[in-house]
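According to this note's numbering, the sequence shown holds residues 335 to 547 in order.
Structure, as structure tokens:
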Amino acid sequence: MADKEENLIDKVKNFSQTKQGRIVSIATAIGILAIILIIILTSILKGGNSQSTVKTIDNSQPKKVVAKSNNIAAKTETSSTSDINDGINNEDLNSNFEVYQTRDPFKPAIKEATATVTATPPPGLPPAVNTSGTVNSTTTPAPAKKSLLLKNIVNRDGINFAVINYDGTDYELKTGDQVGSSPYQVQQIGSDNVTLLYGDDQFTLNVGQEVYK
């Protein structure tokens with residue numbers, strides 16, 4: 335057996351040294367290299383497929399997460415909406431309860447408006463300024479009454495004249511005369527009195543008698 339194996343190895347060596355043997359050796363080497371390249375390419379293609387598979391798996395996972403986040407957002411919006419509705423319902427209930435609050439029967443429902451009365455300032459002074467926020471109603475003072483005094487009755491050339499003092503001024507008047515710028519008019523002059531007309535009113539004034547109108 336050993337001799338046969340040695341003879342076979344010698345034949346292979348002799349054959350490899352020939353031209354045909356070299357061609358076969360080169361062809362065998364090329365075939366081995368081709369097989370190695372095929373194995374490498376196959377492993378690369380398998381690796382690319384596995385990576386693409388991983389990528390598709392990774393791409394599918396965010397969709398699930400987004401769906402969950404959407405569900406969470408929807409639940410959050412639902413819960414916030416229910417909270418708002420509860421708050422509105424509570425406000426409605428509170429407003430309804432306020433209608434039925436008890437009231438003091440002795441307390442008036444409407445507050446009475448207060449009015450402040452201020453007097454008109456004397457001439458030459460500035461008007462009063464109201465800072466209280468209430469309505470001011472001013473009252474005009476009544477004009478001062480003027481005095482009318484029958485001082486004397488005098489006769490001049492047979493005609494009686496009445497000496498009348500009106501508001502500090504003396505007038506000597508006969509029947510029909512007006513007492514200064516006043517509304518008084520002399521209607522009749524007697525020996526110790528005078529009849530005067532004040533508008534539609536007629537009255538008699540004696541000597542020394544004084545009236546205020």
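Just so it is clear, CB atoms sit at the ideal spot from N, CA and C, and this is done for glycine as well.
Rounded distance between the beta-carbons of residue j and residue i, thought under 8 Å
i, j, result
"Y518", "L482", "6 Å"
"G510", "V520", "6 Å"
"N486", "V528", "So it is not a contact: roughly 10 Å between Cβ atoms."
"G514", "Y500", "5 Å"
Residue i (DSSP reduced to helix, strand or coil)
i, result
"K547", "coil"
"S525", "coil"
"T352", "coil"
"T362", "helix"
"T376", "helix"
"V388", "Annotation note: pLDDT 47 at V388 (below 50); position unreliable, coordinate value reported separately. In this structure, V388 counts as helix in the three-state DSSP scheme."
Segment limits, beta strand (DSSP E) that includes residue i
i, result
"T503", "503-507"
"T538", "535-540"
"A496", "493-500"
"S481", "481-490"
Residue-level contact to chain D via CB, residue i, 8 Å cutoff
i, result
"Q536", "You won't find chain D in this structure, because it holds only one protein chain."
Status (buried if at least 16 other CB within 10 Å, exposed otherwise) for residue i
i, result
"I370", "exposed"
"L507", "buried"
"L530", "buried"
"F495", "buried"
"V488", "exposed"
"I373", "exposed"
"I364", "exposed"
"I366", "exposed"
"N404", "Confidence at N404 is low in this model, with a pLDDT of 49, below 50, so the placement of that residue should be treated as unreliable; the coordinate-derived value is given next. By the 10 Å Cβ count, N404 comes out exposed."
"L379", "exposed"
"I523", "buried"
Heavy atom of the ligand ADP within 7 Å of residue i beta-carbon
i, result
"I357", "Summarising the ligand content, the structure contains no ligands, and the ligand ADP is consequently not present."
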